[in-house]
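Taken in order, these protein sequences are the chains called A and B.
Just add 43 to the spot in the first sequence (first one is 1) and you have my numbering.
Just add 2 to the spot in the second sequence (first one is 1) and you have my numbering.
The C-beta atom is built at its ideal place from N, Cα and C for all residues, glycine as well.
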Amino acid sequence: MEDVCSSNVAKDRESHFLDLYQIAFPVIAKYVSRMGGSFEEAKDVFQDAMIVYYEKNKIIPLLNDSAYLVGISKNLWLKRYRDNYQHTISLDKVQTDIMSEEDLMPVSKRLMRFLEVAGEKCMKLLKAFYYDQIPLTEIAGQFGFSGTRSATVQKYKCLEKVRETVKEKALEYDDFME
Amino acid sequence: MTSWNETKRIDDYLLGKLPVNEALLFDVQLLIDEELEANVKSQQRSYEIIRQFGRAQLRNELEAVQQKLFTDPKYTSFKQKIVQLFKKP
C-alpha cells in the first residue's frame, strides 16, 4: 500500500486504527459469531462501519466511540445478513441515516482505475482536500507546496483535470451508445 | 479569467460558498451558458469520483491494519481470541 500522507502521519493513523481494532473488533466479532455469521462478515461490517464513521466525522474514530462503532457494525450486519443472506448489500448501496446525504452515482471501476493511473498525484491531493478534509496548511506541508496559495491553485488545476477526464469519458460513452 | 478561476467558482457554487447575489448570478449564467452547465455537471461527478477514490484508499489502509493484526506475532493473543469465536463446536 502506498502512503498517502507523509510517513509520520500515516504511522499515526495506523497505530490509531490498530488500537481501535483491538478494542472494538472483538465485540462485533462476538456478536456476529453468536448470530451465526462468519469471520468475513464481521470483518466486512466492521471496516464499513469505520468508513461510515470516517466519512461522517472526517476523523478516525475516537477510542471512546468504539461503542458507537459497534452499533453501526451490528446495524450493517443485520441489514445485510439477517434474512438468510438473501440480499447482500454493499456499503455503496446501503442507505443509512448515518451516511452523508449526497447519493453516490455509480462510478465504474474502470473509470476509477483510469483516473488512478492518469493522475495519481492529483487524486491524492484532491482526496486530502475533499475526502479527508485536511486543513490546507497541512496539505501544503504534506505535499511539499511552498504555501497554501500554490496548494490551492494546484487543487483547482487537478480538479479541472479530473473534470475534463469525466467529460471526455462521458462523450466517448455517448458515442458508443449511439 | 483563467480556467482554474472558473473551476474555483463552480466549486464555490456547488459547495454553497458563493454569496447569495453571486449565486443568483451564477444560476442565470447556467441557464444561458451550455458549456458552463456541462462543466458544473462534470465537476459534480468529479466529487463523486474523488469520494470513491478516498473510500478505496481508506479500505486499503484498513485492510493493511487487519493483515498486521492477524499475521504479526505481536498480536497473537488478539488473533487467537478472534479465531476462538468462530471455531465450530
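In this structure, Leu63 of chain A lies near Ser109 of chain A, with their beta-carbon atoms less than 8 Å apart. Close partners of Asp175 of chain A in chain B (Cβ separation under 8 Å): Gly56.
Counting the other Cβ atoms within 10 Å of the Cβ of Ile34 of chain B gives fewer than 16, which makes it exposed. Of the residues assessed, Ala25 of chain B falls on the exposed side of the cut-off, its CB having fewer than 16 other CB atoms within 10 angstroms. Residue environment analysis places Asp87 of chain A among the buried positions, since at least 16 neighbouring C-beta atoms fall within 10 angstroms of its C-beta. Contact annotation, Leu112 of chain A with Ala72 of chain A: C-beta distance approximately 13 Å; criterion of less than 8 Å not satisfied. Linking Ile103 of chain A to Gln59 of chain B through their CA atoms gives a straight-line distance of about 14 Å. Here DSSP, grouped into helix, strand and coil, assigns Met78 of chain A to coil.
In the displayed model, Gln82 of chain B falls within a helix according to three-state DSSP.
Contact of Leu27 of chain B with chain A by beta-carbon distance below 7 Å is absent, the smallest such distance being about 20 Å.
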